[in-house]
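Engineer: Quick one: structure below, then a few questions.
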Amino acid sequence: MISTSLVFAALLGFLLVVFLVVHSGAADVASAMLALGWWLIPITLFHIIPLYFDAVSWRELFPPANRPRQSSFLWMRWIRESVSTLLPVAGVGGDVVGARLAHQRGVSGAQATASMVVDVTVGAATQMVFVLAGVALLTTVGAHATAATAWALLAGVVAFAAAIGIFIRIQHMSMFGMLIGWAHRLAPASWMSGFAGRAEAIDEAVVTTYGRRAALSSSSLLRLIGWVTGVGEVWLTMWALGKPLSLTDSFILESLSAGVRGAAFMVPGALGAQEGGLVLFGALVGIPADLALAISLAKRVRELALGLPGLGAWQWVEGRRLLARRADKASSTS
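Here our numbering is used: the first residue of the sequence shown is 58, the next is one more, and so on.
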């Protein structure tokens, strides 16, 4: 069931987008989008590159003996992202679907869940490094940045790093076991029978995954490359608009706006947060608000163009499983 708070957050985000477009000049924003024209196609397809690196980064977290094929991970990562960006399920909804898809590919439930938890952590940690690099560039070459802005951004990164550290520590303290323990206080014991063993298996798989240091390092490097390649989307969009932006400024804009989007993970699709971040940080590198919003809307077009087929693929898979289950049930009762 969709949470009312998530729907409310999405509505507020949408209203913020409308306000930013109107405040920046709806005609100017529309003109910029029309100027992109057919360039929206290569801009959309470019996203497959960071998507690929995210997929192979996730794959590294699985033991080599039971890893699904690389193409399967690209497919699962596509669906994960589609769910997270287009459905009102907060940023973690797609991760739950991803764990389920991995389990359907023959991976144990404990390993699939553990890989997802560690993958989310790797994504957050490498995003922090990406944002920190953007802050460093902003302080050294940002013509419109002030010391107060840099310190505020650095404080945000430090707080983010502390949150990641706490999350990692909790994962090593039998996180799922603690969750089951709390659930026992709220639900009858008969409802929770069997969950304790599963939680213990997941906690063990999480610790084992972290213990594979070479795989963890490889996964982190690949994920960081994925973040950096996303800079190309901003650069390509500005080039298509006839307002070429340097790679350095593109890096600053993409990294800092990615940090805002990550912080707003509870808002479906980071609606409003992405737009506000691009307008704010675009001003720091000399980009007017209408062009910053055009970049954001180009990203939204990409999310729809890739996400809607991704949702369709997910429903197709779930539909096939449901039909197969019904067929098995019918044959067993006949």
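For every residue, glycine included, the Cβ atom is placed at its ideal position computed from N, Cα and C.
By the 10 Å Cβ neighbour count, where 16 or more other Cβ atoms means buried, how is residue 304 classified, buried or exposed?
Structural biologist: Under this definition residue 304 is an exposed residue.
Engineer: For residue 233, which of helix, strand or coil comes out of DSSP?
Structural biologist: Helix, per DSSP.
Engineer: DSSP state of residue 298, grouped into three classes?
Structural biologist: Correct three-state label for residue 298: coil.
Engineer: Can you tell me whether residue 375 is helix, strand or coil according to DSSP?
Structural biologist: The answer is helix: DSSP assigns residue 375 an H, G or I state.
Engineer: Can you give me the Cβ contacts of residue 169 inside the same chain, cut-off strictly under 6 Å, excluding the 5 residues immediately before and after it?
Structural biologist: Within the same chain, residue 169 has close Cβ partners 156, 159, 160.
Engineer: Between residue 330 and residue 324, is the Cβ-Cβ spacing less than 7 Å?
Structural biologist: Yes.
Engineer: On the CB-based measure, 16 or more other CB atoms within 10 Å of its CB, does residue 205 come out buried or exposed?
Structural biologist: With fewer than 16 Cβ atoms within 10 Å of its Cβ, residue 205 is classed as exposed.
Engineer: With distance defined between alpha-carbon atoms, name the residue in 364, 366, 332 nearest to residue 352.
Structural biologist: For residue 352, the nearest C-alpha among the options comes from 332.
Engineer: Counting only the same chain and skipping the five closest in sequence on each side, list residues whose C-beta sits under 7 Å from that of residue 211.
Structural biologist: 192, listed in sequence order.
Engineer: Please give the ranges of any alpha helix (DSSP H) in the stretch 144-203, keeping only runs that are unbroken, at least 4 residues long and fully inside the region.
Structural biologist: For the stretch 144-203, whole alpha helix (DSSP H) runs of length 4 or above, ordered along the chain, are 150-161, 166-198.
Engineer: Terminal residues of the continuous alpha helix (DSSP H) containing residue 115?
Structural biologist: Run containing residue 115: 105-116, per the alpha helix (DSSP H) assignment.
Engineer: Given a threshold of 16 other Cβ atoms within 10 Å of its Cβ, counted over all protein chains shown, does residue 228 qualify as buried or as exposed?
Structural biologist: So residue 228 ends up on the buried side.
Engineer: Quick one, which of 368, 119, 220 has its alpha-carbon nearest residue 166's?
Structural biologist: Of 368, 119, 220, the residue nearest in Cα terms is 119.
Engineer: Which residues mark the beginning and the end of the alpha helix (DSSP H) in which residue 309 is found?
Structural biologist: Where residue 309 is concerned, the enclosing alpha helix (DSSP H) stretches over 304-320.
Engineer: Under DSSP, the alpha helix (DSSP H) around residue 338 begins and ends at which residues?
Structural biologist: Where residue 338 is concerned, the enclosing alpha helix (DSSP H) stretches over 330-341.
Engineer: In angstroms with no decimal places, state the Cα-to-Cα distance between residue 93 and residue 103.
Structural biologist: Rounded to whole angstroms, residue 93 to residue 103 spans 15 Å at the Cα level.
Engineer: Would you please state the rounded distance, in angstroms, between the beta carbons of residue 223 and residue 181? I believe it to be under 8 Å.
Structural biologist: The Cβ separation is near 12 Å, so there is no contact.
Engineer: Given this structure, state the Cα-to-Cα distance separating residue 316 from residue 95, to the nearest angstrom.
Structural biologist: Cα to Cα, residue 316 sits roughly 29 Å from residue 95.
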